[in-house]
Amino acid sequence: MHARGLHRCRIGNRVRGVAVGIARMAAANREGTALGVKSRPCSATTRPQTMTSLPPCPKCSSAYVYEDGASYVCPECGHEWPQVEAAEEAKVVKDAVGNVLQDGDTVTVIKDLKLKGSSLVVKVGTKVRNIRLVDGDHDIDCKVDGIGQMGLKSEFVKKA
Ligand SMILES: [Zn+2]
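Under the working numbering, the letters of the sequence shown match residues 18 to 177, in that order.
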């Protein structure tokens, strides 16, 4: 029965496709929840709410690409690449050498930073744990040992 073997193979493919589909749905749900919490007006041109599908894999053209953090991942060939286009929607904060920073990261200060309105200085090499990315000029919110809560510029830190 050659036909049976062929049949089984097809089912295998379908099951795989469904699993990936579920993963993509989960990703979409996450996104939806995050947007809901922020409750931004839909009219904003700065955040187009397009429901576009994910791009195909640039290596193998697979359509089962899913999002993983700031990257796209292809389950077919394992290729990973940054979400360049998404960078305009969700702001990507990078450190001094171009590493993408995320909430909870640990960074190291790469130069002495004087604190405005005080004599305090955050010394070069200071390790800052559990950063939080925020909008604004100082795009990192964090707590520095011995100083307290403060804002840092991502261009003056390096991912540890
Ligand atoms: Zn691929």
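A virtual CB, placed ideally from N, CA and C, is assigned to each residue, including glycine.
Check your understanding: Cα-Cα, which of G121, D158, V174 is closest to V141?
Key -> V174
Practice item. Give the single residue among V124, Q166, T143, K170 whose Cα lies nearest to the Cα of D156. Key: K170
Exercise for review: Using a threshold of 8 Å, state whether the C-beta atoms of L132 and V124 are closer than that.
Suggested key: no
Review point. Starting from D85 and walking both ways along the beta strand (DSSP E), at which residues does that stretch end?
Key: 83-85
Review point. What residue from E97, I164, E84, A87 has the CA that sits closest to C77's CA?
Key: E97
Exercise for review: Evaluate Q166 with the Cβ neighbour count: other Cβ atoms within 10 Å of its Cβ, from every protein chain shown; 16 or more gives buried, anything less gives exposed.
Suggested key: exposed
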